[in-house]
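Chemist: Dumping the structure here so I can ask a few things about it.
Number of protein chains: 2
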Amino acid sequence: MAISKKTIERLSLYRRLIHDLHYSNRSTIFSHELAAMAHCTPAQVRRDLMTADIKGSSSTGYDVATLTTGINAILLHGHIQKAALAGIGNLGRAILSYFPQRSPTVEITAAFDSDPSKIGRIIHGCRTYPIDDLASVVKDHAITIGIITTPREAAQAIADKMIAAGIRGILNFAPIPIRVSTGVETEHLDLTMSLEKLAYFSRRNS
Amino acid sequence: MAISKKTIERLSLYRRLIHDLHYSNRSTIFSHELAAMAHCTPAQVRRDLMTADIKGSSSTGYDVATLTTGINAILLHGHIQKAALAGIGNLGRAILSYFPQRSPTVEITAAFDSDPSKIGRIIHGCRTYPIDDLASVVKDHAITIGIITTPREAAQAIADKMIAAGIRGILNFAPIPIRVSTGVETEHLDLTMSLEKLAYFSRRNS
DNA sequence: GACACAGTGTGAATATGTTCACAAGCGAGA
DNA sequence: TCTCGCTTGTGAACATATTCACACTGTGTC
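Residue numbers (the numbering used here), protein chains in the order written: chain P, 822 to 1027; chain Z, 822 to 1027.
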């Protein structure tokens, strides 16, 4: 049962919408309601939930508790995964402040920087370490995910260290693609790319 | 000549890679070289450039200057587009500090917040205004793109104001999808979604 | 009961995106 | 000039993602 990236994204979104919008005090929800919240089609919702093996009822829709449990079974998979962030600049700090309590499946437990003046402190509940400790901290805390918010020049070297330390997935905010060995998953969030895409299509729509 | 979202993203990436990696001192580049930098296949590069109507030579590859000019013709389209950011929190500030000089096609010219203590100053070269001035500032500066870094609760209201003011595209960092009228383009960058997706696939790859 | 209704589950059709594979082009060297 | 080796440009095949459309199902009503 392989689930596509797009479906996983939407499952994550569905669960959060249900949680944030207090649908938990309703016991059931219809595909067209979820679709309206997630801005997609009812057919899409039904297909996603079918892929996730979550069943609804023809008359009452989907049971909210079943939905949450079912999505968690896929996304959480038993235990919270731990993440490490490298590069305590403006963006890194913003992510650290934004993230706590955001996801029930991922937790940022350590932050790294090469600048000694930035380490040793606790930022938004997250301990900071020198880069050289990366391997040992990753191992000790069983960290599986890396977040890169360093400048472009440092990104690939940090990624290499992370992978050597056993990290299995990297979320990259640096404006350059990261080369990884097979089996390591990467996700490249590129601000400039997103903005330029938006600029192009906002012009064309007019 | 309609160009797909994915292709536009990669064109933006290609141009930046050529620029950042100082390929400008080489006069030509092959599709497989660009592909290696962008982490995609040579066929993908050739297809993208074909879509963009950029021609190469069978023996020397693509002319770097032609490439840059050609991609700019598409992404820049004559003039820089201006963007406004709403929500001067940690993330908003991080973006303001990160962005200047990043894109030759988009420029963030104004920032807004509802908190009076945050306005009136200039942050990383960007002037800050109270939310109530949004409509007039957007009109005066001919701003076409909005960036939302407010908390979830405020996001939709801000988006509505932006759209009413004539903004044509919205980059949304709030953890909730934004409803827009047809003709307005949105891009939803959701940290939690990206991390959970990464968590899921990094587990599965092992 | 049996009928109507409003929903789900899903095969099939469609749309979108990527890769293959190969003809054609160009330059270098003999 | 001819040929070889490398490249581009691109139709066609393939892969992935979304939507359609409809049989089926559970509930409420008479």
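All C-beta atoms, glycine included, are put in the ideal place defined by N, C-alpha and C.
Predicted model, so just to flag it, every value in this text is computed and none were measured.
Between the stretch 832-850 of chain Z and the stretch 886-904 of chain Z, do three or more beta carbon pairs fall short of 8 angstroms?
Modeler: These segments touch.
Chemist: Closer than 7 angstroms by beta-carbon distance: list the chain P residues that pair up with V927 (chain Z), in chain order.
Modeler: Neighbours of V927 (chain Z) on chain P, chain order: L1016, E1017 and A1020.
Chemist: Which runs of the beta strand (DSSP E) at least 3 residues long sit entirely within the stretch 907-961 of chain Z? Give them in chain order.
Modeler: For the stretch 907-961 of chain Z, whole beta strand (DSSP E) runs of length 3 or above, ordered along the chain, are 927-934 and 947-951.
Chemist: Compile a chain-ordered list of the residues in the stretch 979-990 of chain Z whose CB is closer than 9 angstroms to at least one CB of chain P.
Modeler: Within the stretch 979-990 of chain Z, the residues whose Cβ lies closer than 9 angstroms to some Cβ of chain P are I988, R989 and G990, listed in chain order.
Chemist: Along chain Z, which residues have their Cβ under 8 angstroms away from the Cβ of D841 (chain P)?
Modeler: By Cβ distance, chain Z contributes R973, P996 and I997.
Chemist: N911 (chain Z) CB to nearest chain P CB: under 8 angstroms?
Modeler: Closer than 8 angstroms: yes.
Chemist: Counting only the same chain and skipping the five closest in sequence on each side, list residues whose C-beta sits under 8 angstroms from that of P951 (chain P).
Modeler: F933, D934, S935, P937 and I940.
Chemist: Please state the DSSP three-state secondary structure of S878 (chain Z).
Modeler: In the structure shown, S878 (chain Z) sits in a strand (DSSP, three-state: E or B).
Chemist: At which residues does the alpha helix (DSSP H) containing G990 (chain Z) begin and terminate?
Modeler: Run containing G990 (chain Z): none in the alpha helix (DSSP H); it sits in the beta strand (DSSP E), G990 to N993.
Chemist: Is the shortest distance between the beta-carbon of Q902 (chain P) and the beta-carbons of chain Z less than 8 angstroms?
Modeler: Yes, Q902 (chain P) counts as interfacial toward chain Z.
Chemist: How many angstroms separate the CA atom of G1004 (chain P) from the CA atom of L992 (chain P)?
Modeler: Each residue's Cα considered, the two are about 14 angstroms apart.
Chemist: Within the same chain, show all residues whose beta-carbon is closer than 6 angstroms to that of I824 (chain Z), passing over the 5 residues directly before and after it, in chain order.
Modeler: Closer than 6 angstroms at Cβ, skipping near neighbours: T872.
Chemist: Given I929 (chain Z), which residues of its chain have a CB within under 6 angstroms of its CB, disregarding the five upstream and five downstream residues?
Modeler: Excluding residues within five positions, the ones whose Cβ falls inside 6 angstroms are A904, L906, F920 and C947.
Chemist: When you compare the CB positions of I979 (chain P) and T971 (chain P), do they come within less than 8 angstroms of one another, or not?
Modeler: Contact: yes.
Chemist: Cutting at 7 angstroms between CB atoms, please list the residues of its own chain near S833 (chain Z), excluding the five before and the five after it.
Modeler: These residues qualify, in order along the chain: L896.
Chemist: Where does H853 (chain P) sit, in a helix, a strand or coil, going by DSSP?
Modeler: Residue state, collapsed to three classes: helix.
Chemist: Using only the alpha-carbon positions, how far apart do E830 (chain Z) and H962 (chain Z) sit?
Modeler: So the alpha carbons of these two residues sit roughly 26 angstroms apart.
Chemist: Less than 8 angstroms between the CB atoms is what I'm expecting for I944 (chain Z) and L917 (chain Z), so what's the real figure, rounded?
Modeler: Yes, they are in contact, since the Cβ atoms of I944 (chain Z) and L917 (chain Z) sit about 5 angstroms apart, within 8 angstroms.
Chemist: If you draw a straight line from the C-alpha of R1024 (chain P) to the C-alpha of D1011 (chain P), how long is it?
Modeler: Distance between the alpha carbons of R1024 (chain P) and D1011 (chain P): 20 angstroms.
Chemist: Three-state secondary structure (DSSP) at D869 (chain Z)?
Modeler: D869 (chain Z): helix per DSSP, three-state reduction.
Chemist: Counting along the chain, where does the beta strand (DSSP E) carrying I966 (chain Z) start and finish?
Modeler: That run of the beta strand (DSSP E) goes I964 to I969.
Chemist: Cβ atoms of I988 (chain P) and V958 (chain P): under 8 angstroms apart, would you say?
Modeler: No.
Chemist: Report yes or no: is there a C-beta of chain Z within less than 8 angstroms of the C-beta of L896 (chain P)?
Modeler: Yes, L896 (chain P) lies at the interface with chain Z (some Cβ there is under 8 angstroms from its Cβ).
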